[in-house]
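A.B. asks: Quick one: the structure is below, and I'll ask about it shortly.
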Amino acid sequence: MPDARIVPTDRPPAEPARLVDDFTPALIDVGAHHLCPGCGEPVAMRLAMEALAELELVRRAIVVFGIGCYTAFSNNLDVEVLQALHGRAPSVATGVKRMRPDTTVLTIQGDGDMVSEGLQEVLHAAARGEAVTCVMLNNGVFGETGGHMTATTVIGQRTKNSIDGRDAEYHGYPILIGDLIARLQGAVYVARGSVHNAGAVARTQKMFKRAFEAQIAGAGFSFVEVLTMCPTGWFIPTPEGPDYMTQTLGEVHIMGELKVDGRIRTTEELHDDNVRKQREMEDALARGGIHP
Amino acid sequence: MPDARIVPTDRPPAEPARLVDDFTPALIDVGAHHLCPGCGEPVAMRLAMEALAELELVRRAIVVFGIGCYTAFSNNLDVEVLQALHGRAPSVATGVKRMRPDTTVLTIQGDGDMVSEGLQEVLHAAARGEAVTCVMLNNGVFGETGGHMTATTVIGQRTKNSIDGRDAEYHGYPILIGDLIARLQGAVYVARGSVHNAGAVARTQKMFKRAFEAQIAGAGFSFVEVLTMCPTGWFIPTPEGPDYMTQTLGEVHIMGELKVDGRIRTTEELHDDNVRKQREMEDALARGGIHP
Amino acid sequence: MSTVTVRGTVVIDVDACKGCRLCIDACPPQVLVMTGHEVNARGYRYPQLLAGCTGCKACSQICPDFVFQVYKYETPMEVPV
Amino acid sequence: MSTVTVRGTVVIDVDACKGCRLCIDACPPQVLVMTGHEVNARGYRYPQLLAGCTGCKACSQICPDFVFQVYKYETPMEVPV
Amino acid sequence: MSGGAAVGVTISRAPAAQSGRKLMTGSEALARSMIAAGCRFFAGYPMTPFTEVLEHMARLLPASGGVCMNAESEIEAVGMAWGAAATGALAATGSTGQGLSLMQESLAEITLARLPLVVLNMARGQGDYFQATRGGGHGDYRHVVLAPKDAAEAVELVGLAFELTTRWRNPVVVMGDYYLAHTSRTVEIPPPRAPSVPAWALDGSSGGSGAAKLVSFLGSYKQRDDVGYNLADHYRACAAETKAMVAGVTPLAETHHVDDAEVIAVAFGTPARFVLAAVRELRAEGARVGLVRPITLFPFPSAALAAAASGAKVVAVYENNQGQMVDDVRLSLLGAVPVEFIGGLSLDDSGFGIGPELEVGEVRRRIEALLGRGTSGA
Amino acid sequence: MSGGAAVGVTISRAPAAQSGRKLMTGSEALARSMIAAGCRFFAGYPMTPFTEVLEHMARLLPASGGVCMNAESEIEAVGMAWGAAATGALAATGSTGQGLSLMQESLAEITLARLPLVVLNMARGQGDYFQATRGGGHGDYRHVVLAPKDAAEAVELVGLAFELTTRWRNPVVVMGDYYLAHTSRTVEIPPPRAPSVPAWALDGSSGGSGAAKLVSFLGSYKQRDDVGYNLADHYRACAAETKAMVAGVTPLAETHHVDDAEVIAVAFGTPARFVLAAVRELRAEGARVGLVRPITLFPFPSAALAAAASGAKVVAVYENNQGQMVDDVRLSLLGAVPVEFIGGLSLDDSGFGIGPELEVGEVRRRIEALLGRGTSGA
Amino acid sequence: MERELVMSGIGGQGVQLASSVLATAAFAEGLEVQLFGSYGGMMRGGATEAAVVFGTDAIEAPPTMSSAWSVILLHHEHSAHARACVRPGGIVMVNTSVVDVPVDTPGVTVVDVPATDIASEVGHPMAASLVMAGAYVAATSLVSLEALTAAVAATLPPYRAQHRELNERALAAGADAVGRDLVPAWPSEAPASGARA
Amino acid sequence: MERELVMSGIGGQGVQLASSVLATAAFAEGLEVQLFGSYGGMMRGGATEAAVVFGTDAIEAPPTMSSAWSVILLHHEHSAHARACVRPGGIVMVNTSVVDVPVDTPGVTVVDVPATDIASEVGHPMAASLVMAGAYVAATSLVSLEALTAAVAATLPPYRAQHRELNERALAAGADAVGRDLVPAWPSEAPASGARA
Ligand SMILES: Cc1ncc(C[n+]2csc(CCOP(=O)(O)OP(=O)(O)O)c2C)c(N)n1
Ligand SMILES: Cc1ncc(C[n+]2csc(CCOP(=O)(O)OP(=O)(O)O)c2C)c(N)n1
Ligand code: SF4
Ligand code: SF4
Ligand code: SF4
Ligand code: SF4
Ligand code: SF4
Ligand code: SF4
Ligand SMILES: [Mg+2]
Ligand SMILES: [Mg+2]
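Chains as they are written, first to last, in our numbering: chain A, 1 to 292; chain B, 1 to 292; chain C, 1 to 81; chain D, 1 to 81; chain E, 1 to 378; chain F, 1 to 378; chain G, 1 to 197; chain H, 1 to 197.
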């Protein structure tokens, strides 16, 4: 017997209403994909595609894919796609952009692809100031191979080949790639977003747009990192993904803009900002609430 | 007819005197090498070897060589040597150190080897906090192949494949590798020296010692960059090497310590320091001299 | 009996859902609930809507499987609960 | 006739020299001079010492070809120039 | 533990015991037999089906006093193994297809550096035969290549690989595939060996002696009066060592029913098991078919093959690729018997080389087709 | 300009003219003929003797409206070329030994991506024959391999390489060596060609059409109702294309004095010129010797060789390596004529593969030794 | 002597666990065993199949097979291959709670087991494969029921130990649902346990 | 018809430049030319050698040779190979200012030129090879002296243009130091310039 409280959701409403968000985001040909339940990568893909659409870049975009779970989208988009090898997308994007300077070129890579296998590719491309946008979906694991340690895995994080948690002594420290890129003169826009909740999604969407705008302006290299949930590679139930992420990866790879208009803010500075804001908030609450 | 003013220098003095510096530095088996006249690399090699000797590390050191002109020294030392491929020394050094934690392991690499071909090797090793010391001889060119552009070549520098000078638009910007390494948590000591004059040589010597001391203490990864003259690859007369260097490479890759005891100083900060000191000096001179 | 303001609604492509529950936690007015025992064609439980949707897109923006279409009503409605 | 204080001296391995002149510019008291026309066995001009060496090692530390041995006298000498 | 590991996420601490008869996947058998053979350093980067071995090594090796590095890339993995090998530790690395291609520069030059190294080539299908047997890198080096048919043989061949690499100071490749990694069976891990440290190994202590050790792919000539390396001598010496190794390593092959066979099938690794099943079926029906299974792919068991095929009407080569070993078969027979390629890459969408064409009935049909012809044609 | 470039530091702006008969080094001839053939993208990393070509391209290509990237590594160089090729521009890259080994992963997979690319393999010696002809990377791909004997032939073969790579959407390798790069001679650069942009090339404009283009080594299947790539289909299609290419490319070889020859020498590239001189000397003295010089190393000119050797008593293979092409010679003759290897790596301390054994007198002696035997033995 | 088993189902039915338990039990009884599991990616509802060979001597059969002595069908989807495998003289066990295709290979013993229903009764539908394993062992005496029960504990990873009792109940319920020795795996002189070890 | 030249010296004597000038001159006169220079690394005093082939038809000779029609010796060090190359009927030109080994191959014309002394007189010892080139052309008529002189300007890189006049003087001084047509390169019916183009 159907629950009486349930509102029917099998068809568009009869009342006058405006469609504000569609199933399959613009440019993703087919909604179905075989990524895991609760994966954050499709959400990030949606953002990248929507930003292209909003800036009207669809007919001049070329997306270069790395190899990771996100590769599932490489034959699934309604923009032109070039599939690169694991780690190599930034060089491939360079070749594309140099021959087609009028296109908007972006890469879709993972932390394993970009920060492990292909670290020097992205750094060299950034140093060269290639007018491309590199996108990194950071879940702190090689998701596709089954949840192994990458160069962004945070200390203590349990992975399939660091089963007692990443131990700094044995495995070293995670690389905050955005901080490295920000220091390169050829990089003009560097940001770290996340998809753990709707607010983060909205902020990340803006980052994509700014990055593409920087590219169109020909200013240089732009970079967007997006923290994405990987419940499978983290060995946790899907609904815990967002919280696990904010408490592990998100504590180290802190969300924010790391370089805008030549001004660099380090991840530590973002962290200190967050702490300060938090303290101000608490103080204000202690004083009896925030009065705008 | 011999010049009467010339002091004989064909044998040790007859008067009581103390030998303070020998021809061939300690640990370099044979003085003769086929590097070019005026090359700065043998000088840097001398410093590395002397620092090992002074810290009494000779019987526990393993030196891993990259590929560049300095490779001429890889079969010429009286410390153990392992020859690595172009760009790969940091990983090779990692394998050595992990199996022989009681040894002092250093790499000798060039800018081409480390910052072009093998950029990710050194960054990953630093992030892992491997207790090895990576040494980079920076002349801003692939010396051995004949003076081609590397990832550290400065803007405007003329090389054999950037014959009108490195153009930021076309070739991008140089990488200040020390700044990147300093930002990695596994790196504990990061410094940039030079061999353009005796003062610089002495300062650089200290950097080597500090780096090895950090390694022995097991604190983590250490890094010493040394700016070296390459008159051949710069297409200049040999005596102009030191001045050319200070005016080109040295203006961008500024000498100084970039990370000591967890404290990071960026190259810009070193630059600002220099400017400030210079100004103070000028002010003092304008005021009538420096009074200690 | 009280009422709730309804500013929007969603269409749910039930068979596209993989049951991850991200939408449930993401919905600000908490008007999405998972089915109890019913599963979709792929064997997953899926979300259902209660009255009170605001059309905020939080569900559609976080759903990894693009299950939602979100509509905003031209005029909000008061609905009894 | 004036004198100069000599605190040290060098031995020069002439045939090891490649004639780069780095030592000439590096010597603080400027007591190294290049030969005029004489060349060594490898065809290079090479440095010679004038009176006034301080034994400072600047030459030996910058010479890429390890041409110098540097001595410090136990007692400095005054030498006429 | 067992086939559960093949299913997906199994994270657990291994029991301490490392020898004895047990049920385990091929990947675990590879890991445990490497450790038993004395391997003390392993480095790798995940790629199916190599990943599975890496996981076991990451779990088991540190507990056995060794080091397992989760390298950031295949190139860094082989570099790390190179460094470890230079200290005299038995070292291994490996990968799958793409990853091994990335290692080719290092695999070529580590051979000239005369360092022992075991390389696991956990392939997808068998399309990497040329790469393994000819050396995909530059220059004239060769690696011994061993191709086990299952986990039990893998255990033996891993032991042999470490023996050979130590003896010849030349990398040895062990070639497996997805089936080997993922199939569980009963295996017996031999008791642990403790290898000795060779005289050339680096430990720093020869520094300052006037004869400090040097390990270099450019040769180990130290400068005295002369400057530079003596490359010509070094390459000549390496070529001589390679020749000696090729002559000194016994080529291995297994033969089944070859004595009176009209059709001799040739296959290696897992596919040879499918071919054997097909041959058995046909034999049971009276057909004169046999199988030669090369176990050393390099040196290739040419003499054994030529002997087995001497009375045959046709030699049928089955590989899970478009035809590579078939060259070695032809080079072994030099026209004495006609050689037909009956293989082909069998792929499903996983890309792991486990497609539907690799099937006993299909293999059988391809052999039967030749059987008819062989009989009529000869 | 001339041999001066072989001497060392020559930095100068090129004169604008790019065609006509001129005296130039092989490296300049390679660069100019690539540009004339329509090459518009080049990327490389210095390594002798590839460096020399890179220098010329860096100087000449931008002036011709193209892009030359001084890539930070060989892997990045081939990646950049991959991207450029995907836009439909004629692209080339290359390297020497080590550098090409590093490119093997990309060279394997760009073949499956069905992109045209010309690869300059400027080798040190000829030890990279296996790597070039078998593909040193993983999997079943093959590249057409062209081996010019000098700068003049290099100009022709560069033109052919761009033609073939465009026609077959498969990389084509042009193999040279230090001699080719550094020897000056008179060459004629053909007039420039302006290639058209193929339909599959990416330029962004098909986005939003519902059928946006896809260039992928996993296949170009777009998802509709189904998810994932169809690898099995794609690999099958690639194998069929390779087969068609191998059948469609005419194997090239040059023969000298083979008609009545008792000893047929086989050699390619620069060493073939030394062998030819030796053969001429011997012929002048009445010895019945001949030469077959394969120009396409893949597909190998087996039929031409077999025809030329049909009356010979022995076939003598000279390579500047420890014996690699000799396999292809044996595979061509399948025992019909005895095959002897008379080559060997000739190296001096430069490591550039220009050692003293590569000398007419030495080659002559090795042929003579067989000549005696050939006469007595047959 | 070799006995093959192909077990087929969809993701979530526990096919890989059940085949592991069977293999572990056989190994414990001294049999030679070979097990290869395949599964179609991460998605629930994808194909999953296990090929097991039990033998009295070292096993030479390839890891996957197109002909088998026994087949267990958990689900009809993706089951075509498994159904085609069974050969005359063999046995097919069908999860009648779910499977809606008839099995009618001539010369084959078909045993019906409402495994998913039994599993639900016992406590969890995912235990359906273990119910079948229990039934299979009862019907074939391939291994002893005791060995099978003991294998559950040995096979489950530590973090799943809490499910042990449930799983053991599933085995027992399966064994009770069919007759004993319907199609004995081994000739009577070959003992089903112990002696071969 | 092919005429080989091996020119040997040590670094700093200008061997590579002089051989380039000869090759450029021959090319300008319509001859086929091939030139391969080798040199032992960067060190001054290292071996340096150039192998040049001049031909009336497309050249088939290999880039390096062990037998040559003509040899120019700038220095005795590292000259063993060059000295061994010359064959009967050929010509050897010796820089007598430096070379201290006798050349006495039978059937070979030996021409002595104190090239380093002449070069020093003209202005720079590094011009010794050009002095020899001038003498060689005078003695062989391989190309015209005009073509040789013109080739200097064409061969020098722009940043060395200031040395042009000096170099041209060295060529002329060399040509004046020896007799004309001592060993003609070409049979008299083959003209030394122009017509072959
Ligand atoms: C050269 C190479 N090495 C290894 C692999 C195997 N591989 C495929 S995907 C992947 C991990 C990808 O990780 P990441 O980029 O973080 O993406 P995710 O799966 O986490 O989304 C690896 C290692 C490969 N394809 N190529
Ligand atoms: C993989 C590879 N690529 C290219 C080369 C060729 N190579 C040899 S040395 C060298 C340049 C070295 O530059 P750097 O490290 O800066 O040393 P330098 O010569 O300037 O001292 C290059 C590119 C090589 N040996 N290996
Ligand atoms: S493994 Fe992780 S990244 Fe990959 S699809 Fe599953 S959840 Fe997403
Ligand atoms: S090329 Fe430069 S780095 Fe190399 S030896 Fe000469 S001066 Fe030194
Ligand atoms: S649109 Fe907003 S309110 Fe409505 S169901 Fe989605 S998340 Fe909840
Ligand atoms: S977020 Fe999407 S896939 Fe997840 S439960 Fe909600 S509707 Fe289903
Ligand atoms: S020791 Fe000092 S003073 Fe003496 S020659 Fe050398 S640099 Fe000059
Ligand atoms: S620095 Fe050394 S090599 Fe240079 S001129 Fe002085 S002594 Fe000679
Ligand atoms: Mg990841
Ligand atoms: Mg350098």
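Glycine included, each C-beta is placed from N, C-alpha and C at the ideal position.
Note that the coordinates shown come from a computational prediction; the quantities given were computed from them, not determined experimentally.
Against chain F, which members of the segment 151-162 of chain B pass a CB distance test of less than 8 angstroms?
C.D. replies: Listed in sequence order: Ala151, Arg158, Lys160, Asn161 and Ser162.
A.B. asks: Would you check if the distance between the CB atom of B/Met229 and the CB atom of B/Pro237 is smaller than 9 angstroms?
C.D. replies: Cβ atoms of B/Met229 and B/Pro237: not closer than 9 angstroms.
A.B. asks: Going by the beta-carbon positions, is the gap between F/Gly286 and F/Val263 smaller than 9 angstroms?
C.D. replies: Not closer than 9 angstroms, so no.
A.B. asks: Label F/Leu117 either buried or exposed according to how many other C-beta atoms from any shown protein chain fall within 10 Å of its C-beta, with 16 as the threshold for buried.
C.D. replies: Burial call: buried.
A.B. asks: Smallest Cα separation from B/Asp113: which of B/Cys69, B/Glu80 and B/Val96?
C.D. replies: Of the listed residues, the one whose Cα sits closest to B/Asp113 is B/Cys69.
A.B. asks: Given a cut-off of 9 angstroms on the beta-carbon distance, is the pair B/Tyr244 and A/Leu184 in contact?
C.D. replies: Against a cut-off of 9 angstroms, the Cβ pair of A/Leu184 and B/Tyr244 comes out as no contact.
A.B. asks: Hey, is A/Pro13's beta-carbon within less than 9 angstroms of any beta-carbon in chain F?
C.D. replies: So, not an interface residue.
A.B. asks: Measuring alpha carbon to alpha carbon, tell me which residue in E/Pro301, E/Leu370, E/Val275 and E/Val339 is nearest E/Val363.
C.D. replies: For the residues E/Pro301, E/Leu370, E/Val275 and E/Val339, the minimum Cα distance to E/Val363 belongs to E/Val275.
A.B. asks: Give the range of the beta strand (DSSP E) segment to which H/Trp219 is assigned.
C.D. replies: Since the first residue of chain H shown is 1 and the last is 197, residue 219 of chain H is not available in this structure.
A.B. asks: Please report whether the beta-carbon of B/His86 lies at a distance below 9 angstroms from any beta-carbon of chain F.
C.D. replies: Chain F contact via Cβ: present.
A.B. asks: Of the residues that make up the segment 210-226 of chain E, which ones have a beta carbon closer than 9 angstroms to any beta carbon in chain B?
C.D. replies: The segment 210-226 of chain E vs chain B, Cβ under 9 angstroms: Gly210, Ala211, Ala212, Lys213, Leu214, Val215, Ser216, Phe217, Leu218, Gly219, Ser220, Tyr221, Lys222, Gln223, Arg224, Asp225 and Asp226.
A.B. asks: List, in chain order, every chain F residue whose beta-carbon is nearer than 8 angstroms to that of A/Gly218.
C.D. replies: Within 8 angstroms Cβ-Cβ: nothing; A/Gly218 doesn't reach chain F, min ~16 angstroms.
A.B. asks: So, helix, strand or coil for G/Glu2, using DSSP?
C.D. replies: Three-state result, G/Glu2: strand.
A.B. asks: Between A/Asn138 and chain F, is any beta-carbon pair separated by less than 9 angstroms?
C.D. replies: Judged by the 9 angstroms Cβ criterion, A/Asn138 is not in contact with chain F.
A.B. asks: What does the alpha-carbon distance come out to for the pair A/Asp102 and A/Met255?
C.D. replies: Cα-Cα distance, rounded: 31 angstroms.
A.B. asks: Give a yes or no on contact between the segment 121-136 of chain F and the segment 340-347 of chain F, applying the rule of three or more CB pairs nearer than 8 angstroms.
C.D. replies: Judged by Cβ distances under 8 angstroms, the segment 121-136 of chain F makes contact with the segment 340-347 of chain F, as three or more pairs qualify.
A.B. asks: Under the three-state reduction of DSSP, which class applies to D/Cys56: helix, strand or coil?
C.D. replies: In this structure, D/Cys56 counts as coil in the three-state DSSP scheme.
A.B. asks: Give me the Cα-Cα distance between A/Ala284 and A/Asn274, rounded to the nearest whole angstrom.
C.D. replies: Rounded to the nearest angstrom, the two C-alpha atoms are 15 angstroms apart.
A.B. asks: By the 10 Å Cβ neighbour count, where 16 or more other Cβ atoms means buried, how is E/Arg167 classified, buried or exposed?
C.D. replies: That one is exposed.
A.B. asks: Using a cut-off of 7 angstroms between C-beta atoms, extract the partners of B/Ala32 located in chain K.
C.D. replies: The structure shown contains no chain K; the protein chains it does contain are A, B, C, D, E, F, G and H.
A.B. asks: Can a CB atom of chain B be found closer than 9 angstroms to the CB of E/Ala281?
C.D. replies: The identity of residue 281 of chain E in the sequence shown is Glu, whereas the question assumes Ala. By this cut-off, E/Glu281 is not an interface position.
A.B. asks: Can you tell me which of the three DSSP states E/Met325 falls into?
C.D. replies: Note: E/Met325 maps to helix in three-state DSSP.
A.B. asks: Starting from E/Ser302 and walking both ways along the alpha helix (DSSP H), at which residues does that stretch end?
C.D. replies: Here the alpha helix (DSSP H) through E/Ser302 covers Ser302 to Ala309.
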